[in-house]
Amino acid sequence: DRIREVHAAGGTTVSLEFFPAKTSKGVDNLLARIEGMTFRLRPTFVTLTWRSAFTDELLWLRIGAHVQREFGIDVLLHLTCHLPVEDLKRVLRRCREAGIRNILALRGDPPIGQDKWTPCEGGLRNAVELVRLIREEHGDYFCVAVAAYPEAHTECWNNPDLPPSEKARDLDLRRLKDKVDAGSDFIITQFFYDVDRYLEFDRRCKAAGITAEMLPGYMPIQNYRGFAKFTKWCKTAVPPELMEAVREVRDNDEAVKDLGVDDAVAACRRILAAGGRCLHFYTMNLSASISAVLDQLDLVPKAHEREAPWAASGPARSKD
Ligand code: FAD
């Protein structure tokens with residue numbers, strides 16, 4: 044199904060991000076992991092990231108098509124502008140042939156070692172252009188999502204002409220609106236740990252007329268090294284009390300994981316209490332923390348409510 048139709052039906056949704064494996068054996072392991080998680084947790088949909096280094100989309104597509112066909116879960120495939128337009132058109136055609144109905148349209152990061160994004164030869168400049176390409180080539184066939192940044196995209200921060208001020212945030216918001224106006228159906232945010240900032244961002248989007256469904260992206264803290272690396276790379280604000288708590292237990296992996304689950308549950312509860320209804324999780328292909336978070340939020344369907352994995356998917360829960 045197109046995910047926008049699931050959103051339109053109402054109710055709480057849960058989605059899980061995975062990144063693809065690099066080899067055939069890795070794909071088999073990943074599929075086993077996804078099968079275990081989707082059977083128990085019955086997410087509304089899963090997403091699969093795109094790697095800028097991809098020259099061939101076959102493994103990525105194989106995972107996506109398998110999850111959809113065999114596990115009965117809708118799949119949203121991420122796609123970036125790293126390829127020339129003609130290759131993007133081929134990838135989109137193959138997605139369609141494989142029965143994929145949902146695409147997350149992204150620009151992508153500059154290649155490693157480069158500060159600035161420059162389009163490849165015959166390529167696109169930004170995600171707005173990719174949304175337009177999808178609509179031009181495929182009309183309404185795909186449901187199209189785009190990315191948003193509750194703390195503004197780092198390139199807006201880094202722009203020397205635009206200090207991290209209201210101005211930079213306003214510009215970022217205008218560009219998000221451009222992406223939505225170009226024909227995207229919903230929004231997934233970058234991960235964050237400061238829920239106040241997310242809620243403020245959500246309010247500013249609504250005030251700016253961005254009414255597409257917003258899925259807050261949350262990455263449970265699973266270990267100290269990963270947390271330190273990703274928050275530094277994405278310049279993510281971490282509330283001082285959370286940072287202090289994580290640092291205190293940094294050498295104890297189990298304690299870090301437990302703290303990560305507690306923080307995720309508290310964050311999700313606040314978002315749901317503020318009227319949010321769609322939760323998106325960056326899983327890092329790991330199941331324990333996500334399972335614990337969804338259990339504590341009471342968002343895991345009971346065994347007797349679970350559909351057989353081969354049955355057609357649908358929203359597995361309704362909490363409103
Ligand atoms: P855009 O929306 O195109 O914006 C990029 C920058 O260009 C912004 O600073 C924006 O303000 C600026 N800009 C936009 N329009 C214009 C314009 N008209 N003129 C000038 N500047 C403009 N990366 C991957 O490689 N693979 C993935 O699978 C992946 N998945 C992601 C999933 C999510 C939910 C998120 C939040 C990010 C993901 N990323 C992924 C990272 C993403 O590709 C980077 O953050 C990238 O730098 C920006 O992508 P975008 O689609 O947000 O770009």
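At position 89 of the sequence shown (counting the first as 1) the number is 132 in UniProt numbering, and the numbers step up by one without a gap.
Positions of the beta carbon are idealized from the N, C-alpha and C atoms, including for glycine.
Pull the bridge partners of residue i from the DSSP assignment, please.
i	result
residue 117	88
residue 323	58, 260
residue 122	148
Below 7 Å CB to CB, which residues in the same chain sit around residue i once its five sequence neighbours on both sides are set aside?
i	result
residue 164	127
residue 196	215
residue 268	none
residue 265	300, 303, 327, 329, 332
residue 185	144, 145, 146, 177
residue 348	none
residue 238	310, 313, 314
residue 106	63, 70, 73, 74, 91
residue 187	146, 148, 174, 177, 226, 227, 228
residue 135	177, 180, 181
residue 153	159, 160
residue 121	90, 91, 92, 93, 147, 149
residue 100	134, 137
residue 308	336, 339, 340
For residue i and residue j, I'd like the C-alpha separation in whole angstroms.
i	j	result
residue 96	residue 138	19 Å
residue 61	residue 166	26 Å
residue 259	residue 46	15 Å
residue 252	residue 295	45 Å
residue 212	residue 344	39 Å
residue 54	residue 320	7 Å
residue 56	residue 334	15 Å
residue 175	residue 226	7 Å
residue 172	residue 179	10 Å
residue 355	residue 234	Any reading at residue 355 must be qualified, since the residue scores a pLDDT of 41, below 50, and its modelled position is unreliable; no value is offered.
residue 286	residue 192	21 Å
residue 290	residue 80	30 Å
residue 89	residue 288	31 Å
residue 132	residue 109	22 Å
residue 93	residue 157	19 Å
residue 250	residue 68	48 Å
residue 76	residue 65	15 Å
residue 78	residue 44	19 Å
residue 284	residue 246	25 Å
residue 199	residue 220	15 Å
With a CB to CB cut of under 8 Å and the five nearest residues on each side skipped, what residues in its chain are close to residue i?
i	result
residue 170	124, 148, 149, 150, 189, 190, 222
residue 162	124, 168
residue 256	47, 50, 228, 229, 230, 321
residue 280	194, 235, 236, 237, 240
residue 155	none
residue 277	197, 233, 234
residue 293	267, 299
Tell me which residue opens and which closes the beta strand (DSSP E) that residue i is part of.
i	result
residue 187	186-191
residue 244	From DSSP, residue 244 is part of no beta strand (DSSP E) but of the alpha helix (DSSP H) over 238-250.
With respect to the alpha helix (DSSP H) encompassing residue i, which residues constitute its N-terminal and C-terminal limits?
i	result
residue 274	267-276
residue 233	Looking at the DSSP string, residue 233 is not in any alpha helix (DSSP H); the run it does join, the beta strand (DSSP E), is 229-234.
residue 94	Looking at the DSSP string, residue 94 is not in any alpha helix (DSSP H), and its letter there is neither H nor E.
residue 333	331-339
residue 132	128-140
residue 178	170-181
residue 300	296-316
residue 290	283-291
residue 49	46-51
CB-CB under 6 Å to residue i, same chain, minus the five flanking residues each way: which ones, in chain order?
i	result
residue 242	317
residue 84	337, 343
residue 323	58, 231, 258, 260
residue 346	none
Cβ contact (3+ pairs, closer than 8 Å) linking the region 269-281 and the region 333-341: no
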